[in-house]
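Convert by adding 1 to the 1-based position in the sequence shown; the result is the number in the working numbering. One structure is given here, and the rest of the page talks about it.
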Amino acid sequence: MNNRCRWLPVLLLAPLAVAARAQEIQRPPAAAQAVDVLHTVRQVPEACTRIEGRFTGQDDAPYDMRLVRLGAQCQPRAAWLDFAQVTPGQGGWKLNDRIRVPAAECPGQQALVEVWRRPVEQPLDRDGQGQLRVYLDEARKQAGAGRLAALPAYAARLEMEGRPCR
């Protein structure tokens, strides 16, 4: 096999790998954050959730990330799943956002939060007047029959980049 044929599979798969990792939202790195300062990494209003994070200053777990509900009155139109249940790039999962949060005390270290999204096609039926309406009795019957529409889903993954300064 000559050298040109050996590289052909790599060249054909390279665009697929780039497309699978391309994110839907492009943003610059966040502002540098100090140790023990709680900050919002990202809000997802349709899931009634915000991602909070903070640098801990500990070597074994330098960054702590958690999901926080926006409010008791918020009705989610999307679900959050544990990232262990997600297969990136498969099953409709798309890289939605990649957020880099640099450490203020250690410029070479940063937290990388990836938000993955699984969109769901939700057909909306219009009534005779052309309006989108949800009727409570019909919705209860559908729920009782187990015919609720699937919800879009989100999942987040945390990785650390760079070396600690200690």
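C-beta: ideal position from N, C-alpha, C; glycine also.
Beta-carbon gap between A157 and I52 smaller than 8 angstroms: yes
Per-residue burial, A62 [other beta carbons within 10 Å of its own, 16 or more giving buried]: That one is exposed.
contact_flag[the region 34-51, the region 67-77] where n(CB pairs < 8 angstroms) is 3 or more: yes
The alpha helix (DSSP H) enclosing R70, as first and last residue numbers: Counting along the chain, R70 falls outside any alpha helix (DSSP H), though it belongs to the beta strand (DSSP E) covering Y64 to R70.
R141 (DSSP reduced to helix, strand or coil): helix
Distance CB(L96)-CB(A23) smaller than 8 angstroms: Against a cut-off of 8 angstroms, the Cβ pair of A23 and L96 comes out as a contact.
Sequence-distant residues of the same chain with beta carbon closer than 6 angstroms to C166, five excluded per side: Taking C-beta separations shorter than 6 angstroms and ignoring five residues to either side along the sequence, the partners of C166 in its chain run C107, following chain order.
Nearest residue (CA-CA) to A79, options Q111, Q34, E122 and G131: E122
Beta bridge counterpart(s) of L133 as assigned by DSSP: R127
Test item: CB-CB of G54 and V36 under 8 angstroms: no
Minimum C-alpha distance to V164 - residue among D60, D98 and E25: Correcting the residue identity first, residue 164 is Arg in this sequence and not Val. Out of D60, D98 and E25, D60 has the C-alpha closest to the C-alpha of R164.
Candidates Q34, V38, W81 and E162: closest to W1 by CA position: The shown model of the chain, from 2 to 167, leaves out residue 1, and the question about it has no answer.
Exposure of T50, with buried meaning 16 or more beta-carbon neighbours within 10 Å: buried
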